[in-house]
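Peer 1: Just so you know, my numbering puts 388 at position 384 of the sequence shown, and the rest follows in order with no gaps.
Ideal placement from N, C-alpha and C gives every residue a C-beta, glycine not left out.
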Amino acid sequence: MTDASTAAPANTHSRRSGGGRDGRRALRATPMASFPTLVREIPVYNLVPDEAVELIHDESMKILEEVGCEFRDDEAIAMWKAAGANVTGTRVRIDRGLLMSLIAKVPSEFTLNARNPERTVKVGGRNQVFVPMYGAPYVRDLDNVRRYGSLEDLNNFHKLAYMLPALHSSSSICVEPMEIPVPKRHLHIIQSALTYSDKPFMGIVTSKERAEDVMKMSGIVFGEDYVKDNTVVVSITNCNSPLVWDSTMLDAMKVYAAHNQPVICAPFALCGASTPASAVGAVAQVNAEALAGVAFTQLIRAGSPVIYGQFMVAVDMKSGAPMGGTPEAAQMMYLMGQLARKYNLPWRTSGFHVGSKLNDAQAGYESNMLMHAAILSGANYIWHVAGWLEAGLCCDYSKFVTDAEQLVGWYKYASGVSFTDFKEAMAAIREVGPQGHFLGTQHTLEHFEKAFFSPSIMDFNSFEQWSAEGAKDHATRGRDKARLMLQNYEAPKLDEGIAEGLRDFIARREEVLPDTVS
Numbered sequence: 005m006t007d008a009s010t011a012a013p014a015n016t017h018s019r020r021s022g023g024g025r026d027g028r029r030a031l032r033a034t035p036m037a038s039f040p041t042l043v044r045e046i047p048v049y050n051l052v053p054d055e056a057v058e059l060i061h062d063e064s065m066k067i068l069e070e071v072g073c074e075f076r077d078d079e080a081i082a083m084w085k086a087a088g089a090n091v092t093g094t095r096v097r098i099d100r101g102l103l104m105s106l107i108a109k110v111p112s113e114f115t116l117n118a119r120n121p122e123r124t125v126k127v128g129g130r131n132q133v134f135v136p137m138y139g140a141p142y143v144r145d146l147d148n149v150r151r152y153g154s155l156e157d158l159n160n161f162h163k164l165a166y167m168l169p170a171l172h173s174s175s176s177i178c179v180e181p182m183e184i185p186v187p188k189r190h191l192h193i194i195q196s197a198l199t200y201s202d203k204p205f206m207g208i209v210t211s212k213e214r215a216e217d218v219m220k221m222s223g224i225v226f227g228e229d230y231v232k233d234n235t236v237v238v239s240i241t242n243c244n245s246p247l248v249w250d251s252t253m254l255d256a257m258k259v260y261a262a263h264n265q266p267v268i269c270a271p272f273a274l275c276g277a278s279t280p281a282s283a284v285g286a287v288a289q290v291n292a293e294a295l296a297g298v299a300f301t302q303l304i305r306a307g308s309p310v311i312y313g314q315f316m317v318a319v320d321m322k323s324g325a326p327m328g329g330t331p332e333a334a335q336m337m338y339l340m341g342q343l344a345r346k347y348n349l350p351w352r353t354s355g356f357h358v359g360s361k362l363n364d365a366q367a368g369y370e371s372n373m374l375m376h377a378a379i380l381s382g383a384n385y386i387w388h389v390a391g392w393l394e395a396g397l398c399c400d401y402s403k404f405v406t407d408a409e410q411l412v413g414w415y416k417y418a419s420g421v422s423f424t425d426f427k428e429a430m431a432a433i434r435e436v437g438p439q440g441h442f443l444g445t446q447h448t449l450e451h452f453e454k455a456f457f458s459p460s461i462m463d464f465n466s467f468e469q470w471s472a473e474g475a476k477d478h479a480t481r482g483r484d485k486a487r488l489m490l491q492n493y494e495a496p497k498l499d500e501g502i503a504e505g506l507r508d509f510i511a512r513r514e515e516v517l518p519d520t521v522s
């Protein structure tokens with residue numbers, strides 16, 4: 005059994021910046037080695053009986069057999085025809101026998117390699133990894149100002165992701181660098197992820213050419229021969245609910261799956277708008293959409309890794325806005341987890357995706373509702389777990405680090421209860437006896453630093469002490485922590501030849517790419 009407090013690597017930087025309380029805080033803010041892959045040691049929670057899972061599965065099969073799914077790409081249509089599907093125009097109806105034979109080819113677990121092998125993680129089975137948010141156009145900055153994101157902000161989030169031990173990946177587009185032209189933006193996003201962090205990263209799916217550029221940049225860093233057969237980048241492909249896989253997503257699938265790189269097949273569903281206004285009905289539809297995408301990857305390259313996934317949020321029926329941490333969103337996670345286990349597929353969900361505009365109590369309530377479900381539903385790739393505000397429109401420096409601190413607690417929670425020191429604890433009771441205290445016992449001296457989750461941003465001081473230190477709220481303390489971490493950032497080593505290769509590739513691509521989208 006793994007105990008998070010003992011599995012977490014020690015701080016690899018001994019340099020202090022000052023003494024006393026400030027020095028201790030600075031030390032806690034310095035870079036740390038990553039936690040290893042979280043191997044869940046607690047049970048999964050099955051929300052419904054097996055018969056209910058079979059009912060949803062059967063209805064999903066009927067959707068694909070009777071209604072069908074749009075594949076709006078000529079090459080994809082030709083591949084489905086060759087596989088024996090019933091194709092009419094761009095509508096593909098897939099027999100359940102064909103579908104399940106393709107699903108069975110997907111590996112149940114795979115290794116996701118980082119440029120630093122010590123950061124390599126496993127996806128699938130009992131493994132769970134935490135990945136920060138993706139795709140925000142806005143940032144809430146270190147001065148608590150909401151504005152468009154920049155390349156400097158993106159660099160900073162990749163630095164923070166590298167330094168925060170419970171984050172297993174740097175994601176990629178934590179925030180959009182809005183000052184860079186869209187056709188060239190992907191180059192700088194991937195360079196940032198590969199330069200400022202040595203953890204696994206995510207690719208770009210907005211065009212075939214951009215996906216190909218990601219693979220070329222991966223080849224520069226990892227070696228072209230290595231990336232032919234080893235997974236180094238995860239990319240997200242979204243079905244347009246209801247029941248449409250468009251040419252952009254299919255092009256990205258073709259690039260990554262052909263290179264044996266995992267794609268997440270995750271419908272983007274606004275429940276009540278792009279699905280029925282029913283949690284169970286939404287799951288049946290989204291399951292059909294996701295499985296159709298997963299099956300298609302196996303037509304591209306049989307045995308290529310895939311992550312079955314979903315992004316399902318309910319729509320506020322008053323405003324039409326997506327809602328984050330609702331009970332229905334949690335229930336749908338549990339159902340998707342049961343389906344994923346039925347199909348023996350690695351699967352993705354989202355953790356701290358919230359609708360709140362600030363890092364406030366609402367954000368905390370929403371985050372806890374969803375993260376509890378993500379952990380207990382057995383999700384393998386838990387995305388959007390750092391920084392997410394405003395239904396994904398904004399990445400917040402404060403929430404990025406406060407979320408990551410909470411992940412340390414979730415890591416320990418999911419690692420299960422450790423009995424490694426139980427005998428010594430019982431001996432301490434006998435040593436102290438009635439009416440004593442345990443503060444000076446040998447057992448306490450040996451275990452106090454690791455026995456309990458001990459956050460540094462959350463405040464447990466007296467009111468007087470809290471007031472004396474500025475009466476700062478949680479969001480302010482988060483910004484302070486992020487600022488201090490960035491001041492103490494030390495870049496992971498990257499061979500200068502590789503760094504120059506990335507710069508040269510970007511320069512050559514920027515010469516031929518336009519500045520505007522045609």
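1) According to DSSP, simplified to helix, strand and coil, what is residue 160?
2) Between the C-alpha atoms of residue 389 and residue 174, what's the straight-line distance to the nearest angstrom?
3) For the candidate residues 202, 217 and 201, whose alpha-carbon lies nearest to that of residue 208?
4) Tell me where the beta strand (DSSP E) around residue 191 begins and ends.
5) Could you check the C-alpha separation between residue 517 and residue 211 for me, to the nearest Å?
6) Does DSSP put residue 256 in a helix, a strand or coil?
7) Here's the rule: buried if 16 or more other CB atoms are within 10 angstroms of the residue's CB, otherwise exposed. What is residue 33?
8) If residue 342 and residue 57 are in contact, beta carbons under 8 Å, what's the gap, nearest whole angstrom?
9) Out of curiosity, what's the CA-to-CA distance linking residue 413 and residue 186?
10) Determine, using beta-carbon pairs with one atom in the segment 425-434 and one in the segment 465-474, whether at least three such pairs fall under 8 Å.
11) Smallest Cα separation from residue 291: which of 75, 39, 319 and 64?
12) Taking 9 Å as the threshold (C-beta atoms), are residue 254 and residue 315 in contact?
13) Tell me whether residue 39 sits in a helix, a strand or coil according to DSSP, three-state version.
14) Who are the Cβ neighbours of residue 235 in its own chain at under 8 Å, not counting the five residues just before and after it?
15) Name the one or two DSSP bridge partners that residue 352 has.
16) Of the choices 142, 513, 98 and 131, whose alpha-carbon is the least far from that of residue 400?
17) With DSSP as the reference, identify every bridge partner of residue 97, one or two as the case may be.
18) Does the structure place the segment 351-366 close enough to the segment 376-394 that three or more beta carbon pairs sit under 8 Å?
19) For residue 265, which three-state DSSP category applies?
20) If we require 4 or more residues per run, which alpha helix (DSSP H) segments fall completely within the segment 442-511?
21) Nearest to residue 369 by alpha carbon, out of 442, 327, 90 and 51?
22) Residue 424: buried (16+ other C-beta within 10 angstroms of its C-beta) or exposed?
23) So, with DSSP's three-state summary, where would you put residue 272?
24) Across the segment 364-379 and the segment 141-158, are there enough close Cβ pairs to call them in contact, namely three or more that are closer than 8 Å?
25) At the level of alpha carbons, what is the spacing between residue 162 and residue 196?
26) Secondary structure at residue 378, three-state DSSP: helix, strand or coil?
27) Helix or strand or just coil, what does DSSP make of residue 66?
28) Quick one, which of 282, 248 and 40 has its alpha-carbon nearest residue 77's?
29) Using a Cβ-Cβ cut-off of 6 Å (strictly less than) and excluding sequence neighbours within five positions of residue 258, which residues of its own chain qualify?
30) Using only the alpha-carbon positions, how far apart do residue 3 and residue 203 sit?
31) Applying the criterion that 16 or more other CB atoms from any shown protein chain within 10 Å of the CB defines a buried residue, is residue 441 buried or exposed?
32) Less than 6 Å between C-beta atoms, sequence neighbours within five positions excluded: which residues of the same chain meet that for residue 172?
33) So which of 503, 38 and 269 has the shortest CA-CA distance to residue 164?
34) Look at the alpha carbon of residue 502 and the alpha carbon of residue 159, and state the distance between them as a whole number of angstroms.
35) Relative to the C-alpha of residue 238, which residue among 227, 225, 103 and 215 is closest?
36) Taking buried to mean at least 16 other C-beta atoms within 10 Å of its own C-beta, is residue 170 buried or exposed?
Peer 2: Here's the rundown:
1) Of the three classes helix, strand and coil, the one that applies to residue 160 here is helix, per DSSP.
2) Spanning the alpha carbons of residue 389 and residue 174 requires a straight line of approximately 11 Å.
3) Considering only 202, 217 and 201, the residue with the shortest C-alpha distance to residue 208 is 217.
4) It is not in any beta strand (DSSP E) - residue 191 instead sits in the alpha helix (DSSP H) that spans 186-199.
5) Cα-Cα distance, rounded: 13 Å.
6) Here residue 256 sits in helix by DSSP.
7) Model confidence at residue 33 stands at a pLDDT of 40, short of 50, so the residue's coordinates are unreliable and nothing is read from them.
8) Contact flag correct, Cβ pair sits at about 5 Å.
9) So the alpha carbons of these two residues sit roughly 38 Å apart.
10) By the criterion of at least three beta-carbon pairs nearer than 8 Å, the segment 425-434 is not in contact with the segment 465-474.
11) Nearest Cα to residue 291 within the set 75, 39, 319 and 64: 64.
12) With a cutoff of 9 Å on beta-carbon distance, residue 315 and residue 254 are scored as not near each other.
13) Looking at residue 39 - three-state DSSP - the assignment turns out to be coil, as it is neither helix nor strand.
14) Within the same chain, residue 235 has close Cβ partners 114, 115, 116, 117, 264, 265, 266 and 309.
15) Residue 352 pairs with 313 and 385.
16) Its Cα nearest to that of residue 400, the residue 142 stands out among 142, 513, 98 and 131.
17) Per DSSP, 90.
18) The segment 376-394, when compared against the segment 351-366, does touch it at the 8 Å Cβ threshold.
19) Under the three-state reduction of DSSP output, residue 265 falls in the coil class, being neither helix nor strand.
20) Listed in chain order, the complete alpha helix (DSSP H) runs (minimum 4 residues) inside the segment 442-511 are 446-455, 467-472 and 478-491.
21) It is 327 whose Cα lies nearest to the Cα of residue 369.
22) Exposed: under 16 other Cβ atoms inside 10 Å.
23) It is a strand residue.
24) No: fewer than three Cβ pairs fall under 8 Å.
25) Each residue's Cα considered, the two are about 7 Å apart.
26) Reduced to three states, the DSSP call for residue 378 is helix.
27) Note: residue 66 maps to helix in three-state DSSP.
28) Closest by alpha carbon: 248.
29) 304.
30) Only positions 5 to 522 of the chain appear in this structure, which leaves residue 3 out of reach.
31) Counting Cβ neighbours within 10 Å, residue 441 comes out exposed, since fewer than 16 surround it.
32) Within the same chain, Cβ atoms closer than 6 Å to the Cβ of residue 172 are found at 125, 133 and 134, the five residues on either side in sequence being excluded.
33) Ranking 503, 38 and 269 by Cα distance to residue 164 puts 38 first.
34) Roughly 18 Å separates the two Cα atoms.
35) When only C-alpha atoms are compared, the closest one is 215.
36) Classification of residue 170: buried, given that the 10 Å Cβ count is 16 or more.
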